[in-house]
Structures are given as C-alpha cells and as structure tokens.
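Undergrad: First the structure, which I've put down as structure tokens, then a few questions once you've had a look.
Numbering (my numbering), first residue to last: 87 to 752.
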C-alpha cells in the first residue's frame with residue numbers, strides 16, 4: 087500500500103517556508119546603509135562573515151600588489167593608500183581570493199581572477215566602516231562583503247520504505263524496462279507510462295524520455311558533472327562506481343597537494359565549507375540534497391540495486407562521473423569566496439557541466455547587471471567556467487562549460503539569480519501530468535522545464551522525485567523542487583555529451599547549449615484551465631486549498647520540457663518526425679531523397695518497434711501515412727531506386743501525447 091509520509095513540523099517553521107527544498111543566500115535588507123551609498127561597495131553586510139572583505143583592484147596596480155604581498159608576508163599590499171588603511175587595523179592578512187593553480191594560472195589571469203583579494207582583519211572592526219575606507223582608495227575597483235550561502239529551509243527527504251513499505255513490487259525484466267534496478271519502475275520522471283497506481287494525476291510521457299535515449303547511449307566516464315551542493319555520499323552503493331576520483335591524490339600522500347592544483351587530499355572533490363578534502367554528509371542537519379541530486383544524474387544503472395541515473399551507464403563502468411564540490415555542511419554554508427573557488431575548481435579539474443540547485447530569492451535582483459554588481463566574484467567564476475571548461479582535454483566533446491541552475495521554489499513570476507543570468511541554463515519544474523509544479527518560479531528568464539514533483543497536487547510523495555539518499559535516510563528517498571528538476575537537465579546534457587564522445591563529435595559550449603534548449607517538447611499545450619492543490623498538504627491536509635491559473639505560465643516555463651532522446655537524435659543528425667499519438671500523420675518522403683515526385687518507396691520497420699509503438703503504416707506514392715497507438719519511437723528504413731541504385735535512409739518516428747504545431751521542434 088502506498089503511504090503518504092506524515093511528519094511533525096513546527097507551525098511557525100512551516101508557515102515561513104514556501105514550496106519545496108531550496109537552498110538560498112541572505113537577501114539584502116532594503117534599508118541597508120551600504121547599498122546606494124558607495125558604488126564600489128557590493129551588496130549588504132547582513133549575514134556577511136566578520137573580519138574579512140573581498141577586494142578587487144585595478145589591473146594597473148597588480149604588479150605592485152603582488153610584490154608587496156610577497157615582501158610583507160601577506161600583511162601589506164604594496165599599494166600605499168590601501169596600506170595606510172591596513173596599518174590602522176590589527177591582525178591583517180591579505181591573499182589572493184582565487185586559489186592559485188599553476189596549471190591554469192595564465193587563463194585565470196586572462197579572466198581577471200587575479201585581481202581579487204581577500205583581506206582579513208580583527209573582528210572588532212566594523213565591516214561597514216572598513217568597507218567604506220577600502221572603497222575610498224582610488225586603486226580599488228570593488229569591495230564585496232563575504233556573505234555565507236545558507237539554507238532558507240531544511241526539509242527532510244522521505245525514505246522510499248516510508249512511502250511504499252517493505253513489501254512492494256519492484257522492477258523485474260517482465261516490466262519491459264531497460265535495466266534491472268529494482269526501483270526504476272517508481273521513477274516516473276524517467277519513464278512515465280501514465281500508471282495511476284503509482285501516483286495521480288499523471289499523464290504518459292511526462293518524463294525526460296530515458297527509455298528511448300538509453301537505446302542509443304547510457305553515459306561515458308570521460309564526462310564529469312560537478313555537483314555544487316551538500317557533500318555527495320561517495321561511498322553509496324549506487325553511486326561509488328560513478329564518482330570522479332582524483333587518482334593523484336588517491337595514490338599520493340595525505341596532507342600533500344600531490345597533483346599541484348592548489349588543494350590537498352581532494353580525492354572526490356573538495357569541501358569548500360570546511361576547507362578540507364574530506365567530503366561530509368553526516369551532519370545532523372544534512373538532508374542528503376547533494377546525494378539526491380547526484381543520483382538523478384548518475385546513479386549506477388543495471389546493477390540490480392536501487393535506482394537509475396539518467397547518464398549512469400549500463401552497469402559496465404560506463405556512466406558519467408560525479409565531482410562533489412561541497413558548499414553546505416548542515417546549517418553552515420560556504421562564503422562567497424569559497425563558492426567562487428568551487429566553481430573555478432570545476433573548470434580547472436575536468437568538469438564540463440556545473441550542476442547548481444541553489445540561488446538567491448526571486449526579486450532580490452531584477453536584472454543581470456544588478457546581480458553582476460552585487461555578486462561580482464561569483465559571476466566572474468561562473469563566466470570563467472563557461473569560457474574555460476574542457477580546454478585541458480583535447481578529446482573533450484565540448485570546449486567551454488554548461489552551468490545549469492534551478493529557477494527557485496517560491497511560485498514567483500521570475501526565477502532567482504544566478505538562474506536568471508543569461509549565461510546559464512535556468513530550469514523550471516513540472517508535475518507528473520506536465521502541469522507546472524505549484525512551487526516553481528517561472529518567467530521570461532526560464533530556459534527549459536524538467537520533472538520536479540508536486541506533492542501538494544498529487545497528495546503523496548510518489549509524485550515527487552525518487553533518487554539516491556544518504557544512509558541516514560535509508561539510501562533511497564523522495565524529494566521535490568526545482569532543485570530536483572535541475573539535475574534532470576544536467577543528466578540529459580551529460581548523456582548528450584556522452585553520445586557526442588561515442589560519435590566522435592565536438593561542439594562549442596554555445597553550440598551544445600543551443601542543441602539542449604531546442605531538443606525539447608511542447609509544454610504550453612498542457613497549460614489550459616486551472617489546477618487545484620492544497621498548500622502544504624503534508625502538514626495541513628486540506629486546510630488551505632489553492633488554485634493555479636495555468637494560462638499564466640504559457641511561454642514562461644522555458645522553451646519546452648527536456649527530452650533526452652531528442653537531444654541524442656540532434657547530436658546524431660538523424661531526421662526525426664514527431665507525431666501525435668492515435669492521430670494519422672502524412673509524411674512526404676520525397677524531401678528526404680530530393681524533390682522528385684516520380685520515385686517509389688518501400689518502408690520497413692522492426693517487428694519489435696512496430697509492436698511496441700502499435701504502429702501501422704501505408705505508403706501511397708511518395709507519402710507515408712503513419713498511426714501510432716502508443717507513445718515511443720520507431721526507426722524506419724526508407725528505400726527507393728534512383729538510376730538503378732537502391733538508396734536507403736533512416737527516419738525516426740516519435741509518438742507523443744501532444745506535439746508542437748511545427749511538428750515537435752520549438
């Protein structure tokens with residue numbers, strides 16, 4: 087029997103939280119004395135780390151600065167006016183903000199990362215007063231408060247057994263699923279057959295189309311995804327084989343930077359909260375957020391245990407790799423400089439995708455320029471990743487990186503930042519029936535939609551996202567949010583890059599981003615009428631009914647919902663036709679062989695595809711009429727005789743419940 091997990095939560099805590107698990111940072115107070123007073127001072131001192139500031143210097147003083155810091159033992163800058171301020175304070179140290187990696191120093195300098203410094207001083211000094219004095223120095227470009235990334239809420243995941251109990255039918259080969267992972271049949275967000283015994287409301291096809299995509303590719307270990315989040319449980323039974331491992335550090339000496347990248351003992355990534363190579367997930371306030379995200383991307387497939395990951399391989403050590411860059415440790419979050427270093431680390435150590443299910447509240451910043459000014463160090467790091475990821479590997483399928491961010495969970499009419507930044511991919515969330523999740527942020531800045539769950543709508547946890555969890559929560563469990571939608575897009579992108587490796591293809595980051603954002607299906611056709619739900623049903627039951635007006639979301643969930651199979655076909659370059667289920671579609675075959683109308687055609691399809699799709703077809707001259715009773719795809723072989731030569735081409739027909747008016751391409 088399916089059970090809805092009930093938990094006790096303080097009323098004040100629940101009332102203060104909107105939507106689902108979201109990681110956030112302090113927002114500025116509207117009355118902050120720092121904002122608007124000096125254009126050089128970035129952000130607010132609220133929530134900032136005491137006794138330290140981040141300073142960006144003008145490029146023309148860097149020579150003096152670097153000599154001065156070296157000569158003084160990191161207590162003076164070599165810039166006379168700045169040192170005059172330092173001389174009035176006690177316990178001063180000054181150092182580069184971005185950790186020096188000798189292997190990539192030239193490109194870091196080209197990106198201006200060497201202009202940033204971190205200045206520490208006594209905690210008794212007023213942050214606001216010191217910031218104002220630093221900003222008065224002509225050679226200083228910006229002064230930024232070193233705020234902490236923090237959680238806006240700490241909702242616990244729901245263990246799998248708490249939802250389904252111990253005696254539940256799990257995946258078998260008889261289910262006609264591609265892998266033997268026992269909980270795959272509960273992952274509607276990968277393969278959605280519309281099974282109402284799983285959850286309801288639900289519609290077939292509201293998924294990322296893994297079943298068809300996995301026929302072409304399941305992953306590649308050369309593709310690294312950096313999960314910037316809580317620490318990932320690297321010893322997890324369903325993740326360990328797909329963890330990125332820094333072999334030089336694994337085989338090296340403890341406490342030594344064996345690979346010379348500026349970090350010691352960074353075997354699976356790095357803990358930027360505690361500044362150590364030891365990744366953690368056992369803090370009593372941890373919720374397994376990073377482990378859950380990692381599983382969606384790369385839980386090991388076909389290993390007879392647990393769940394599947396979108397790019398988790400086929401059970402032959404062929405999944406993509408997860409790099410854990412920890413910026414949360416329980417209630418503690420990394421500072422701005424540490425978060426920026428985490429992003430730079432990803433670029434310099436092989437990651438091609440930056441997975442970020444965190445961000446600022448919607449409305450804190452309303453434009454790219456406002457966010458860039460307030461979070462200058464972090465933006466510089468993101469831009470560095472986008473420009474430089476993949477450059478150290480000549481065999482990389484992509485030059486440049488893809489940064490993917492969750493839109494946020496406040497039901498707001500604009501996504502938060504950095505998700506709204508034009509340089510990254512912004513992900514919204516939908517429920518098991520294609521309708522927008524009740525919590526999702528949306529708006530013009532949204533790029534793409536993915537499954538995120540919606541327990542206030544389905545009134546159960548089975549309608550949320552199932553993935554890996556830490557041992558504190560039974561190793562497998564449910565969570566929901568744009569935080570969970572985001573790794574679906576990261577996983578699809580990783581699968582696409584894996585297929586590019588298989589085919590020997592190469593893309594720039596801009597080219598691949600365009601492929602990802604156009605390999606989508608129409609979601610606007612589902613945004614009609616109203617959607618009823620119960621606000622925080624899990625805690626209040628039916629006490630607070632709410633209604634969403636779905637037309638308000640049209641054109642604001644992104645260009646469509648992500649489709650792994652469509653992305654792989656785009657990378658492959660195979661012609662594909664999207665048709666509506668149970669509707670006769672006429673396909674003009676002549677355009678695939680030239681404009682001649684005098685050709686005759688033969689069409690063949692495998693019995694397996696024909697049976698699975700419920701496909702019937704009829705050739706009339708140069709037209710093919712196709713009807714598909716089921717959703718899915720079939721590969722057709724088209725043959726004709728041109729000048730005595732038999733010529734053939736492949737055409738893929740994909741049947742979906744709904745398609746866009748232009749045949750599926752948005």
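Backbone N, C-alpha and C define an ideal beta-carbon position, used for all residues, glycine too.
1. What span of residues does the alpha helix (DSSP H) with residue 429 cover, start to end?
2. Can you tell me the Cα-Cα spacing of residue 162 and residue 273, whole angstroms?
3. According to the neighbour-count rule (16 or more other Cβ atoms, all chains shown, within 10 Å of its Cβ), is residue 322 buried or exposed?
4. At a cut of 8 Å, does the segment 355–365 reach the segment 413–423 through at least three beta carbon pairs?
5. Quick one: grab the DSSP three-state call for residue 491.
6. Comparing C-alpha positions only, which one of 740, 198 and 512 sits nearest to residue 466?
7. Could you have a look at residue 315 and say whether DSSP puts it in helix, strand or coil?
8. Measuring alpha carbon to alpha carbon, tell me which of 241, 179, 441 and 480 ends up nearest residue 593.
9. If you scan the segment 520–576 from start to end, which runs of the alpha helix (DSSP H) of 4 or more residues do you find wholly inside it?
10. Just to confirm the assignment, what range does the alpha helix (DSSP H) spanning residue 651 have?
11. What residue ranges within the segment 270–342 form continuous beta strand (DSSP E) runs of no fewer than 3 residues, ordered along the chain?
12. Would you call the segment 566–583 and the segment 301–317 touching, i.e. three or more CB-CB distances under 8 Å?
13. Residue 144 by DSSP, collapsed to three states: which one?
14. If you draw a straight line from the alpha carbon of residue 327 to that of residue 428, how long is it in whole angstroms?
15. Straight-line CA distance for residue 318 to residue 654?
16. Please go through the segment 157–205 and give each complete beta strand (DSSP E) segment of 3 or more residues, from N-terminal end onward.
17. What is the C-beta distance between residue 497 and residue 525, in whole angstroms, given that I count them as a contact (C-beta under 8 Å)?
18. Quick one: which unbroken alpha helix (DSSP H) runs of 4-plus residues sit fully inside the segment 588–665? Chain order, please.
19. If we ignore side chains and look at the alpha-carbon of each, how far apart do residue 366 and residue 215 end up?
20. Assign residue 170 to buried or exposed, taking buried as 16 or more other Cβ atoms, counted over all protein chains shown, within 10 Å of its Cβ.
21. Contact between the segment 433–445 and the segment 388–400 is defined here as three or more beta-carbon pairs at a separation below 8 Å; is this criterion met?
22. Determine the DSSP secondary structure at residue 260, reduced to helix, strand or coil.
23. For residue 500, write down the residues that DSSP places opposite it in a beta bridge.
24. On the DSSP letters alone, give me the boundaries of the alpha helix (DSSP H) that residue 382 sits inside.
25. Tell me which residues share the same chain as residue 190 and place their Cβ nearer than 6 Å to its Cβ, disregarding the 5 neighbours each side in the sequence.
26. Using CA coordinates, which residue listed in 276, 312 and 298 is at the minimum distance from residue 432?
27. By the three-class DSSP mapping on this structure, what secondary structure does residue 724 have?
28. May I have the straight-line CA-CA distance separating residue 222 from residue 178, to the nearest angstrom?
29. Compute the Euclidean distance between the alpha carbons of residue 504 and residue 413, then round it to the nearest angstrom.
30. Within the segment 674–707, note down every full alpha helix (DSSP H) run reaching 4 residues or more, in order along the chain.
31. Quick one: residues in its chain with C-beta nearer than 8 Å to the C-beta of residue 599, no 5 flanking neighbours on either side, listed in chain order?
32. Can you tell me which of the three DSSP states residue 486 falls into?
33. With contact counted as at least three CB pairs below 8 Å, one residue from each stretch, are the segment 666–677 and the segment 697–713 in contact?
34. Taking one C-beta from the segment 631–638 and one from the segment 550–567 each time, how about it: are there three or more such pairs within less than 8 Å?
35. Return helix, strand or coil for residue 742, following the three-state DSSP convention.
TA: On the basis of the coordinates in this document:
1. In this chain, the alpha helix (DSSP H) harbouring residue 429 covers 422–434.
2. Inter-residue distance for residue 162 and residue 273 is about 57 Å (C-alpha atoms, whole angstroms).
3. Residue 322 is buried by the Cβ-count criterion.
4. Touching, yes.
5. Looking at residue 491 - three-state DSSP - the assignment turns out to be strand.
6. Taking only the C-alpha atoms, the option nearest residue 466 is 198.
7. Three-state result, residue 315: strand.
8. Of 241, 179, 441 and 480, the residue nearest in Cα terms is 480.
9. If we require 4 residues or more, the alpha helix (DSSP H) runs fully inside the segment 520–576 come out as 541–544.
10. Start and end: 650–658.
11. Within the segment 270–342, the runs of beta strand (DSSP E) at least 3 residues long that lie entirely inside it are, in chain order, 310–316.
12. The answer is yes - the segment 301–317 touches the segment 566–583, with three or more Cβ pairs under 8 Å.
13. Residue state, collapsed to three classes: coil.
14. Looking at the two C-alpha atoms, the distance is approximately 23 Å.
15. Taking the CA atoms as reference points, residue 318 sits about 28 Å from residue 654.
16. Listed in chain order, they are 179–182.
17. Taking the Cβ atoms as the reference, residue 497 lies roughly 6 Å from residue 525, within the contact range of under 8 Å.
18. The qualifying runs are 595–604, 623–626 and 650–658.
19. Counting only the Cα atoms, residue 215 lies some 37 Å from residue 366.
20. When all chains shown are included, residue 170 counts as exposed.
21. Cβ pair count under 8 Å is below three, so no.
22. Bear in mind that the predicted position of residue 260 carries a pLDDT of just 46, short of 50, making it unreliable; the figure below should be weighed with that in mind. Residue 260 carries a helical assignment under DSSP once its states are collapsed to helix, strand and coil.
23. Paired residues: none, contrary to the question.
24. For residue 382, the enclosing alpha helix (DSSP H) stretches over residues 375–384.
25. Closer than 6 Å at the Cβ level, and outside the excluded window around residue 190, lie 434.
26. The residue with the shortest Cα to Cα distance from residue 432 is 312.
27. Three-state result, residue 724: strand.
28. Here the alpha carbon of residue 222 sits roughly 18 Å from the alpha carbon of residue 178.
29. Approximately 16 Å, taken between the alpha carbons.
30. The segment 674–707 is shown to contain whole alpha helix (DSSP H) runs of 4 or more residues at 693–699, in chain order.
31. If we look at residue 599 and ignore the five residues flanking it on each side, its Cβ neighbours are 488 and 511.
32. For residue 486, the secondary structure class from DSSP, reduced to helix, strand or coil, is coil.
33. Verdict: yes, contact present.
34. Flag = no, the segment 631–638 and the segment 550–567 do not touch.
35. Strand at residue 742.
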